[in-house]
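>
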Amino acid sequence: TLQGCYYYNNATIVLEGEPVKLRDAAEDFFASPAWAATQTALAQFYEEVWQIGVRPALNRLLMWGGDGGISEEAAYVMLGVEPNITTNALKKKFRSITLELHPDKQPIEMREDAHHKFMEMKAAFEVIKKMRAYRAKIESAKVLREFANRFNRFDKKHQRKEDKKSEGEEMDKKNEL
6 TLQGCYYYNN ATIVLEGEPV KLRDAAEDFF ASPAWAATQT ALAQFYEEVW
56 QIGVRPALNR LLMWGGDGGI SEEAAYVMLG VEPNITTNAL KKKFRSITLE
106 LHPDKQPIEM REDAHHKFME MKAAFEVIKK MRAYRAKIES AKVLREFANR
156 FNRFDKKHQR KEDKKSEGEE MDKKNEL
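For what it's worth, the numbering used here labels the leading residue of the sequence shown as 6, then goes sequentially.
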């Protein structure tokens, strides 16, 4: 649009304390490793859409928002646990890691690094927690859908019996007349 062209050519943003034209920042972005990573992520998402469908892929994409792009496998490695760990053992491990890395328990000169490491571990734990909750939600939805299908089959079978019964009663009434 015309407004977009205006902003692209005239807007300035601040990068590292310096004002930079938006068009220059955009050109730098498309040459950056971040853009290459974005392209890779989009290609993976496209493949996932073809494998599991649009709606589940979008649900996973929306659910992963805000985790800093940590994959579930990477999260397990970061926390130093196996994927088959129980939820209670995972919580216990996370607590021990956070107690060890908490910035307030570090010397002043190491607090900033400890804070970053602490936040990485927290993000990794959140990714695992979200994925486990997502899988539980999907599993419970499958169970509910299966139950509903069984109930519907029973209900339809029962309805057919009732319909036949009522048809038979109507025929008896007609025969009596």
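Beta carbons: idealized from backbone N, C-alpha and C, even for Gly. All values reported here derive from a predicted model rather than from experimental measurement.
What distance in whole Å lies between the Cβ atoms of PHE130 and LEU84, which are believed to be in contact at a cut-off of 8 Å?
Walking along the sequence shown from the start, residue 84 turns up at place 79. Walking along the sequence shown from the start, residue 130 turns up at place 125. About 7 Å; that satisfies the 8 Å criterion.
> Quick one: grab the DSSP three-state call for ASP72.
Locating residue 72 in the sequence shown gives position 67, where the first residue counts as 1. A caution first: ASP72 carries a pLDDT of 48, below 50, which makes its placement in the model unreliable, though a value can still be read off. In the structure shown, ASP72 sits in coil (DSSP, three-state: anything other than H, G, I, E or B).
> Determine the extent of the alpha helix (DSSP H) in which LYS26 is found, giving its start and end residues.
One-based indexing of the sequence shown puts residue 26 at position 21. Unbroken run through LYS26 is the beta strand (DSSP E), 23-26; no alpha helix (DSSP H).
> Going by other Cβ atoms of all chains shown within 10 Å of its Cβ, with 16 needed for buried, is PHE123 buried or exposed?
As a working mapping, residue 123 is identified with position 118 in the sequence shown. Buried.
> Taking VAL133 as the reference, give the member of TYR81, ALA16, GLY58 with the closest Cα.
Taking the first residue of the sequence shown as position 1, residue 133 is located at position 128. It is Ile, not Val, that sits at residue 133 in the sequence shown. Here the closest residue by C-alpha is TYR81.
> Under 8 Å by Cβ, that's how I've got GLU78 and MET136 pegged, so tell me the actual separation to the nearest angstrom.
Taking the sequence shown and counting its residues from 1, the one referred to as residue 78 is at position 73. Taking the sequence shown and counting its residues from 1, the one referred to as residue 136 is at position 131. Not really, about 10 Å apart at Cβ, beyond 8 Å.
> In whole angstroms, give me the CA-to-CA distance for LYS142 and LYS96.
Position 137 of the sequence shown holds residue 142. Position 91 of the sequence shown holds residue 96. Take the alpha-carbon of LYS142 and the one of LYS96: they are about 20 Å apart.
> With DSSP as the reference, label ILE18 as helix, strand or coil.
On the sequence shown, position 13 is the one that residue 18 refers to. Reduced to three states, the DSSP call for ILE18 is strand.
> Which runs of the alpha helix (DSSP H) fall wholly inside the region 46-127 and span at least 4 residues, in chain order?
59-68, 77-84, 92-106
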